[in-house]
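Peer 1: The numbers in this note's numbering rise by one with no breaks, and the one at position 163 of the sequence shown is 163. Sharing a structure, written as structure tokens. Questions coming.
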Amino acid sequence: MARQYRLDGWALRSRHPHEARLHPRHAGGSPRRRPGQRPADRRSGLRPALAAACARGTRRRPAATRHLERRRRLRFGRRRAGCHVQAQLRALRWPGVRGSEGGRSRVGQRVTPALLRSSGNRSATKRGGRRRCHLGVLAATAALAACEQVEVLEDSFRDLTPYEAYQASLAAAGLGETALVRDWKAAGQSALKQPVTVTPPFEEEGYITPEEPSAVAYRIHIPRGRKLTFAVSLDSDEDTRLFIDLFRLPASGDNPPRPVFSSDSLSRTFSHEDPWRGGDYVLRVQPELLRGGSFRVALGEDNVFAFPVEGHSAPSILSFFGAPRDGGRRRHHGVDIFARRGTPVLAVAAGRADRVRNTRIGGKVVWLRDRQRGASIYYAHLDSQHVSDGDLVEPGDTIGFVGNTGNARTTPPHLHFGIYRRGEGPLDPFPFLTAPRTQFAEQTADAALLGARVQPRNEGIRLRAGPGTREDILGELDPDAPLRVVGAAGEWYRVRLPGGVDGYVAARLTEPLQARTQEQADPQQDRQDQDQEE
């Protein structure tokens with residue numbers, strides 16, 4: 001049986017969520033007809049506004065209203081008929097039916113059961129929406145945590161790197177379990193687990209002994225918005241394959257380092273970028289078996305995006321990301337680069353111009369879609385635009401000129417530059433625009449001692465994790481410890497201890513191992529000569 005509601009002595013019965021019919025059944029029986037009143041005119045006994053409300057409930061609503069109702073049902077579920085009738089009556093505001101102080105009308109108070117059920121459903125809906133929101137946040141967190149697991153799974157289906165292919169060829173030749181090959185593998189794994197920490201720009205000359213398997217590895221931190229550039233060269237009398245492998249270190253120690261680049265070619269400079277994450281990387285250099293010689297490694301950083309204003313750099317940025325706007329009602333979603341009016345504005349990456357518009361806030365704007373990196377670049381307050389929708393541009397192409405259109409009419413000419421990425425929203429462009437250092441440290445350590453053995457000049461000399469006094473201290477060196485020089489960077493030697501640990505020591509604090517041996521031998525010889533004279 002359909003649910004009934006009592007309203008001013010009349011029963012409202014819902015046959016459809018969108019239709020409420022009025023039935024002339026009083027709680028105590030049917031109302032008495034006046035003389036001459038026809039059965040079809042029963043509704044005329046109601047007040048005109050109430051009759052109009054009920055008549056409106058019987059008519060089919062417009063298609064647009066039905067469309068909105070269907071969307072609401074898909075989002076919140078089917079609404080009860082009582083709530084629908086209440087909304088109809090409230091909208092009319094007929095005489096004698098006014099809203100109370102609490103926001104509920106008298107009619108609404110008479111339909112209390114329906115209202116309670118409807119409000120309860122709405123509260124449950126809100127709670128369900130919040131619950132779904134929390135679950136969405138947890139799901140996103142779990143997805144980020146599982147990102148490295150997905151990468152590990154993807155690595156199981158990738159092609160072999162040149163280093164791995166060389167290992168497989170040794171195993172196929174029946175040499176995989178020989179002592180020499182085992183030592184070669186162990187040297188590569190040891191270098192990967194114990195790299196030295198360096199900061200670009202960094203340049204080092206080194207030496208790898210052909211007789212004993214060895215490898216070198218460097219740990220580098222690349223911040224967000226930068227890319228790593230590296231070049232490796234080898235000076236050898238023989239044709240030698242030198243394996244260059246770049247690994248990304250996982251955030252969790254449970255996962256192995258992930259190879260992101262591998263090559264055995266020395267013909268060019270390589271680069272790698274992961275602009276949205278940044279992170280720590282290890283670059284490993286190892287020659288094939290029974291090969292070695294002098295090598296040179298150069299590490300550098302470069303911006304992912306070019307600077308967007310011609311002839312300017314980061315010091316021209318005078319308004320930064322996150323600064324308050326409109327009295328704190330919103331935040332600045334970009335940086336402002338100030339320049340003279342008419343200064344060319346350049347494309348920071350290869351992409352396609354999109355949404356070349358004139359808007360109220362941004363004035364003359366251009367959106368640049370960088371499909372390679374999945375980013376949208378926003379240029380605003382341009383004095384004029386130099387591209388149209390759909391134009392393809394390359395880095396350095398002019399897309400407009402600096403101005404102060406839009407809501408920047410009262411400020412000096414400048415470019416509002418923003419970076420957006422799907423799933424993250426606006427990003428701080430400053431790390432993408434600051435120029436990194438490019439000057440290598442001057443080489444003062446004597447490269448003639450590469451491959452030779454040295455020892456500390458005195459006690460208390462410290463071994464450091466990197467070439468610099470601010471690097472971590474690995475320990476103090478034994479004055480009699482023999483150190484093999486495997487690299488020279490600036491004024492530092494990279495030395496290898498007898499246990500296989502690598503570190504850096506200031507070149508001026510070392511001396512050739514033979515020199516001290518000679519010094520120790522000379523006093524003994526003098527005493528022997530003195531005894532003979534006596």
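From the three backbone atoms N, C-alpha and C, an ideal C-beta is built for every residue, glycine too.
Would Ile337 be called buried (16 or more neighbouring beta carbons within 10 Å of its own) or exposed?
Peer 2: The residue is buried, with at least 16 neighbouring Cβ atoms inside 10 Å.
Peer 1: Can you grab the Cα-Cα spacing for the pair Asp245 / Phe261, in whole Å?
Peer 2: C-alpha separation (whole angstroms): 6 Å.
Peer 1: Since Glu164 is in the alpha helix (DSSP H), which residue starts that stretch and which ends it?
Peer 2: From DSSP, the alpha helix (DSSP H) with Glu164 extends over Pro162 to Ala172.
Peer 1: So, under 8 Å CB-CB, Arg489 and Glu301 are touching, yes? Tell me the CB distance rounded to an integer number of Å.
Peer 2: According to the sequence as given, residue 489 is Ala; it is not Arg. Ala489 to Glu301, Cβ: 17 Å. No contact.
Peer 1: With distances taken Cα to Cα, identify the nearest neighbour of Arg508 among Val454, Tyr379 and Gly292.
Peer 2: For the residues Val454, Tyr379 and Gly292, the minimum Cα distance to Arg508 belongs to Val454.
Peer 1: Shortest alpha-carbon distance to Ser233 belongs to which of Arg248, Val297 and Pro257?
Peer 2: Answer by Cα proximity: Val297.
Peer 1: Taking the alpha-carbon of Glu310 as reference, which of Ala186, Ile399 and Asp183 has the nearest alpha-carbon?
Peer 2: The shortest Cα separation from Glu310 among Ala186, Ile399 and Asp183 belongs to Ile399.
Peer 1: If the criterion is Cβ atoms closer than 9 Å, does the pair Val485 and Tyr207 meet it?
Peer 2: Result yes, Cβ atoms of Val485 and Tyr207 sit closer than 9 Å.
Peer 1: Just to confirm my understanding: we take Arg457, look at its own chain, exclude 5 residues before and 5 after, and list those with CB closer than 6 Å. What are they?
Peer 2: Once the five neighbours on either side are set aside, the close Cβ partners of Arg457 are Leu509 and Glu511.
Peer 1: So Leu180 is in the alpha helix (DSSP H); what residue range does that whole segment cover?
Peer 2: Start and end: Ala179 to Lys193.
Peer 1: Anyone know if the C-beta pair for Ser169 and Asp235 falls short of 9 Å?
Peer 2: No, the Cβ-Cβ distance between Ser169 and Asp235 is not below 9 Å.
Peer 1: Any idea what DSSP makes of Asn358, helix, strand or coil?
Peer 2: Strand at Asn358.
Peer 1: Kindly indicate which three-state DSSP category Arg340 falls into: helix, strand or coil?
Peer 2: It is coil, neither helix nor strand.
Peer 1: Are the CB atoms of Asp354 and Gly406 nearer to each other than 9 Å?
Peer 2: Against a cut-off of 9 Å, the Cβ pair of Gly406 and Asp354 comes out as no contact.
Peer 1: Excluding the 5 residues preceding and the 5 following Phe202 in the sequence, name in chain order all residues of the same chain whose CB lies nearer than 6 Å to its CB.
Peer 2: So the list reads Leu299, once near-sequence residues are dropped.
Peer 1: Any contact between the stretch 411-427 and the stretch 322-341? By contact I mean 3 or more CB pairs, one from each, below 8 Å.
Peer 2: As far as the Cβ criterion goes, the stretch 411-427 touches the stretch 322-341, which means the pair count is three or higher.
Peer 1: Give the range of the beta strand (DSSP E) segment to which Phe202 is assigned.
Peer 2: Unbroken beta strand (DSSP E) run through Phe202: Phe202 to Ile208.
Peer 1: Rounded to whole angstroms, what is the Cα-Cα separation between Gly328 and Arg422?
Peer 2: Those two C-alpha atoms are separated by around 25 Å.
Peer 1: Quick check: what's the CA-CA separation for Glu346 versus Leu228?
Peer 2: As written in the sequence, residue 346 is Leu, which differs from the Glu given in the question. Each residue's alpha carbon lies about 23 Å from the other.
Peer 1: What separation, rounded to the nearest whole angstrom, lies between the Cα atoms of Asn303 and Pro223?
Peer 2: Rounded to whole angstroms, Asn303 to Pro223 spans 10 Å at the Cα level.
Peer 1: Using alpha carbons as the reference points, say which of Pro213, Arg248 and Glu288 lies closest to Asp239.
Peer 2: With distances taken between Cα atoms, Asp239 lies closest to Glu288.
Peer 1: Roughly how many angstroms separate the alpha carbons of Pro250 and Tyr281, rounded to a whole number?
Peer 2: The alpha-carbon atoms of Pro250 and Tyr281 are separated by roughly 9 Å.
Peer 1: Can you say whether Lys592 is buried or exposed, counting buried as having 16 or more other CB atoms within 10 angstroms of its CB?
Peer 2: Look at the range of the chain in this structure, 1 to 534, and you will see that residue 592 is not part of it.
Peer 1: I'd like to confirm the pairing. Which residues does DSSP put opposite Asp367 in its beta bridges?
Peer 2: The sequence shown places Trp at residue 367, not Asp. Partner(s): Asp354 and Tyr378.
Peer 1: In the DSSP assignment, the alpha helix (DSSP H) including Leu543 goes from what residue to what residue?
Peer 2: Only positions 1 to 534 of the chain appear in this structure, which leaves residue 543 out of reach.
Peer 1: To the nearest whole angstrom, what separates the beta carbons of Gly466 and Tyr504, a pair I think is in contact under 8 Å?
Peer 2: Indeed, because the Cβ distance is near 6 Å, the residues count as touching under 8 Å.
Peer 1: Please classify Gln385: is it buried, with 16 or more other beta-carbons within 10 angstroms of its beta-carbon, or exposed?
Peer 2: Burial call: buried.
Peer 1: Can you name the start and end residues of the beta strand (DSSP E) that Ala298 belongs to?
Peer 2: Gly293 to Asn303 is the extent of the beta strand (DSSP E) around Ala298.
Peer 1: Relative to the alpha-carbon of Pro324, which residue among Ile317, His333, Trp367 and Val181 has its alpha-carbon at the smallest distance?
Peer 2: Ranking the options by Cα distance to Pro324, first place goes to His333.
Peer 1: For Gly536, does the three-state DSSP call read helix, strand or coil?
Peer 2: Nothing can be reported for residue 536: it is not among the residues displayed for the chain, which extend from 1 to 534.
Peer 1: Do you know offhand how far Gly188's Cα is from Phe243's?
Peer 2: Each residue's alpha carbon lies about 10 Å from the other.
Peer 1: For Val198 and Arg258, what's the separation of their Cα atoms in angstroms?
Peer 2: Going by the C-alpha atoms only, they are around 20 Å apart.
Peer 1: Apart from the five residues just before and just after Ser265, which ones in its own chain have a Cβ nearer than 7 Å to its Cβ?
Peer 2: Within the same chain, Ser265 has no close Cβ partners at all.
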